[in-house]
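Residue numbers (my numbering): 10 to 182. Ideal Cβ positions, reconstructed from N, Cα and C, are used throughout, including at glycine. These numbers come from a predicted model, not from an experiment. Worksheet for the structure shown next.
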Ligand code: MG
């Protein structure tokens, strides 16, 4: 059985993952409207990944005999000044998510819940990747500046991104 403290923390994280999904879906809609179909595609895949993160935590909580509580998802922004602004907001958000994951990790250690700590290892690595990807796109968008052709090329590249079910969810099925 999972401790009430860990259960509450995981339920809060499930909500945070769904909020992330909502944020990236909103970014996807925004860039679709703005005519950046590739950037929109990138964010819509990000939306699916975040939903998968929530599902991984849901499955884990259920596997430990815990109770899942789906709480209200707060509203998200609906407009960004530029692709650069959206990826800067993405990086800031992912840094926040990293600190949330680290907090649960510390709580799991304090509670001697090593199963939860182990489960979080995948998320710790995933956050390194999320931050690195956002930073990389920010760097490239800064180089691109006002160059429309370069932005078009990046948009084409991001249009090619495909969704892969994250390993902990793919392996669970
Ligand atoms: Mg996530």
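Residue 181 versus 162, 157 and 128, residue with shortest Cα-Cα distance: Working through the chain shown from its first residue, we reach residue 181 at position 172. Of the listed residues, the one whose Cα sits closest to residue 181 is 128.
Helix, strand or coil at residue 107 [DSSP, three-state]: Within the chain shown, numbered from 1, the residue matching residue 107 stands at position 98. Note: residue 107 maps to helix in three-state DSSP.
Exposed unless 16 or more other CB atoms sit within 10 angstroms - verdict on residue 72: On the chain shown, position 63 is the one that residue 72 refers to. The residue in question, residue 72, is exposed, as its Cβ has fewer than 16 Cβ neighbours within 10 Å.
For residue 109 and residue 25, believed in contact at Cβ under 8 Å, the rounded distance: Here the question's residue 25 lines up with position 16 in the chain shown. Here the question's residue 109 lines up with position 100 in the chain shown. About 6 Å separates the two Cβ atoms, so the contact holds.
Host alpha helix (DSSP H) of residue 10 (start-end): The count along the chain shown starts at 1 and reaches residue 10 at position 1. Careful: residue 10 lies outside any alpha helix (DSSP H) and carries neither H nor E.
Cβ-based burial, residue 8 [other Cβ within 10 Å; buried from 16]: Because the chain here runs from 10 to 182, residue 8 falls outside it and cannot be looked at.
Cβ-based burial, residue 10 [other Cβ within 10 Å; buried from 16]: Reading the chain shown from its first residue, position 1 is the one you call residue 10. With fewer than 16 other Cβ atoms within 10 Å, it is exposed.
Span separating the alpha-carbon of residue 46 from that of residue 141: Looking up residue 46 in the chain shown gives position 37. Looking up residue 141 in the chain shown gives position 132. Between residue 46 and residue 141, the C-alpha separation is close to 22 Å.
Heavy atom of the ligand MG within 8 Å of residue 104 beta-carbon: Residue numbering aside, residue 104 sits at position 95 when the chain shown is read from its first letter. Not under cutoff, so the answer is no.
Three CB pairs or more closer than 8 Å across the stretch 141 to 158 and the stretch 31 to 38: no
Cutoff 6 Å; reference residue 210; Cβ partners in own chain excluding five residues on either side: Past the boundaries of the shown model lies residue 210; the chain is included only from 10 to 182, so the question cannot be answered.
Spatial neighbours of residue 93 in its chain, beta-carbon cut-off 6 Å, leaving aside the 5 residues before and after: As a working note, residue 93 is residue 84 in the chain shown. So the list reads 150, once near-sequence residues are dropped.
Segments assigned alpha helix (DSSP H), at least 4 residues, entirely inside the stretch 46 to 123: 46 to 72 and 92 to 119
Pair within 9 Å by beta-carbon distance, residue 63 and residue 27: As a working note, residue 63 is residue 54 in the chain shown. As a working note, residue 27 is residue 18 in the chain shown. Taking 9 Å as the Cβ cut-off, residue 63 and residue 27 qualify as a contacting pair.
Length of the line joining the Cα atoms of residue 91 and residue 138: Walking along the chain shown from the start, residue 91 turns up at place 82. Walking along the chain shown from the start, residue 138 turns up at place 129. Taking the straight line from one Cα to the other gives about 23 Å.
Buried or exposed (CB count within 10 angstroms, at least 16 for buried), residue 124: Translated into the one-based positions of the chain shown, residue 124 becomes position 115. The residue in question, residue 124, is exposed, as its Cβ has fewer than 16 Cβ neighbours within 10 Å.
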